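10 is the number of the first residue of the sequence shown in the numbering used here; add one for each residue after it.
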Amino acid sequence: MKNQRGSLLIDILIGCLILSVALLSIGFAFQHSVRASSYVENYNGALRIAQQAAEALRVNDGTNSFTINIPDKITTGNMTYTVSVSTPAPVAGNANLLSVNITVSWGANNMTITNYYYLKP
Numbered sequence: 010m011k012n013q014r015g016s017l018l019i020d021i022l023i024g025c026l027i028l029s030v031a032l033l034s035i036g037f038a039f040q041h042s043v044r045a046s047s048y049v050e051n052y053n054g055a056l057r058i059a060q061q062a063a064e065a066l067r068v069n070d071g072t073n074s075f076t077i078n079i080p081d082k083i084t085t086g087n088m089t090y091t092v093s094v095s096t097p098a099p100v101a102g103n104a105n106l107l108s109v110n111i112t113v114s115w116g117a118n119n120m121t122i123t124n125y126y127y128l129k130p
C-alpha cells in the first residue's frame, strides 16, 4: 500500500496531459479548416470572375476587332478582386488564333486562366 501512494495523482496528471494535447490538436485542426475554407471561398470567387471575364470576351464576333470590356475591380462579399486581361496575342503557327490571359488577384493571392479565341479569316 505504501508503494502506491501518489499513483492516483500521477494518473490524473497524465490524463490531463493527454486531454490537453487532444484539445489543442482539435483547436489547431479547427483553425486550419476555417482558414482553408476561407481560401477556397475566395479562390472560387476568383475563378467565377475569371470565367465571367472569359465569357464576356467570347461575345466578340470573331472579326479583327477584339474589344475587352471588363471592370478592373470587382467586390463580392467582403473581398475585392482585381481583374487584368492581357492584350490578345497571336499563337505561333496560327495568326487567327489569339491567346488571352485573365488574371484575378485578391489579397496576396492570384490565379490566371488562359483562353484561346479564333478570329475569322
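For glycine and all other residues, C-beta sits at the position ideal for the given N, C-alpha and C. None of these values were measured; they are calculated from a predicted model.
- For the pair asparagine 105 and threonine 112, the CB atoms are not nearer than the 7 Å cut-off.
- By the criterion of a C-beta distance shorter than 6 Å, serine 114 is surrounded in its chain by Thr91, once the five residues flanking it on both sides are discounted.
- When DSSP states are grouped into helix, strand and coil, isoleucine 122 belongs to the strand group.
- Shown here, asparagine 53 sits in a helix according to DSSP, grouped into three states.
- Residue environment: asparagine 51 is assigned as buried (16 or more neighbouring CB atoms within 10 Å of its CB, all protein chains considered).
- Of Val109, Arg14 and Tyr48, the smallest CA-CA separation from alanine 63 is found for Val109.
- It is roughly 25 Å from the alpha-carbon of aspartate 81 to the alpha-carbon of leucine 128.
- Of the residues assessed, isoleucine 83 falls on the buried side of the cut-off, its CB having 16 or more other CB atoms within 10 angstroms.
- Taking the Cβ atoms as the reference, alanine 59 lies roughly 5 Å from isoleucine 122, within the contact range of under 8 Å.
- Spanning the alpha carbons of glycine 36 and isoleucine 27 requires a straight line of approximately 14 Å.
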